[in-house]
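For reference, the structure discussed in these notes is given below.
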Amino acid sequence: MSSKTETSEEFRKLEQEIDAKRDFVENISGVSETYMKTLTKRTKADKSLIVESLGTTMSALGSQLSNDSEYGKSLIKTGEGLQQIAEVQLQYSVKLKAGFMNSLERVKEELKDYQQLRKRLEARRLDFDSKTNKVQKSKKERPELEEDMRAAQARYEEVMADTHNKMVSISELEEVQHRDLIDFVEAQLEYFRKGMEIMTKVQQSLGDP
1 MSSKTETSEE FRKLEQEIDA KRDFVENISG VSETYMKTLT KRTKADKSLI VESLGTTMSA
61 LGSQLSNDSE YGKSLIKTGE GLQQIAEVQL QYSVKLKAGF MNSLERVKEE LKDYQQLRKR
121 LEARRLDFDS KTNKVQKSKK ERPELEEDMR AAQARYEEVM ADTHNKMVSI SELEEVQHRD
181 LIDFVEAQLE YFRKGMEIMT KVQQSLGDP
């Protein structure tokens, strides 16, 4: 009966954890990219952010009304506020990309490397098992077969060590991801806070119709 080399329980547990992390990263990365696109989406006409385009349009329309039009003045003030919001939104998106998004990309790259190592490990295992089975099936001692088996074992163990180290490295990235998540929440809070400050001033400047 052909033998099959098995990995340790600790190695298999790490594999399960990394596989689960891969699914998680793919899901959150996809949604985060969609969120990022909503923040940075620009108009086809002037390539400005949507909120900036809205603000520019309001200000332009307001300036077309008579100078004594309160509605026109309010449109201009609201438009200027929205243009300020656009600047804050752009700053927020830059922080998001530099921190949280880049952190996810780094993990995705590490997971790609891990997948390549797993394929190499499986190939090395099959080669090692094949060489081992040849030695076991040989009816007499054949030093060249045993040498081939030892060489195959060394190659297998080398890739196994690389794979194990990669899995540990990916697991340790969770601490970095946690810090980046905290930074993301703080950046989002700052984005909302500045937005609220801007629009509160706009609201106070409008008065009652």
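In the UniProt record's numbering, the protein residues as written are 1 to 209.
All C-beta atoms, glycine included, are put in the ideal place defined by N, C-alpha and C.
DSSP on residue i, reduced to helix/strand/coil?
i, result
"Arg120", "helix"
"Arg22", "helix"
"Leu65", "coil"
"Arg142", "coil"
Between the alpha carbons of residue i and residue j, how many angstroms are there, rounded?
i, j, result
"Gln136", "Glu109", "40 Å"
"Glu146", "Val25", "43 Å"
"Thr34", "Glu105", "14 Å"
"Asp68", "Ile76", "13 Å"
"Asp129", "Lys13", "22 Å"
"Ser205", "Glu172", "51 Å"
"Glu157", "Thr38", "47 Å"
"Lys112", "Arg124", "19 Å"
"Glu15", "Ala187", "34 Å"
"Arg42", "Ser48", "5 Å"
"Phe192", "Glu9", "47 Å"
"Ser29", "Asp46", "29 Å"
Taking 9 Å as the threshold (C-beta atoms), are residue j and residue i in contact?
i, j, result
"Val202", "Gly81", "yes"
"Ala86", "Gly55", "yes"
"Gln84", "Ile198", "yes"
"Gln153", "Lys119", "no"
Enumerate in chain order the residues of its own chain whose CB-to-CB distance from residue i is below 7 Å, with the five nearest sequence positions on each side excluded.
i, result
"Phe184", "Leu96, Gly99, Phe100"
"Arg179", "none"
"Phe11", "His164"
"Thr78", "Met58, Val202"
"Ser103", "Val176, Gln177, Asp180"
"Lys4", "Asp129"
To which residues of the same chain is residue i closer than 6 Å at the C-beta, ignoring the five residues directly before and after it?
i, result
"Thr163", "Leu117, Leu121"
"Thr40", "Ser93"
Considering only C-alpha positions, which residue in the set the options is nearest to residue i?
i, options, result
"Arg22", "Thr5, Gln115, Glu70, Ser53", "Gln115"
"Glu190", "Thr132, Val88, Lys166, Gly207", "Val88"
"Ser169", "Glu17, Ile28, Met199", "Glu17"
"Arg150", "Leu65, Lys134, Lys139", "Lys134"
"Ser32", "Leu181, Ala152, Thr57, Ala154", "Leu181"
"Val159", "Lys194, Gly30, Lys139, Leu126", "Leu126"
"Glu175", "Val107, Ala45, Asp148", "Val107"
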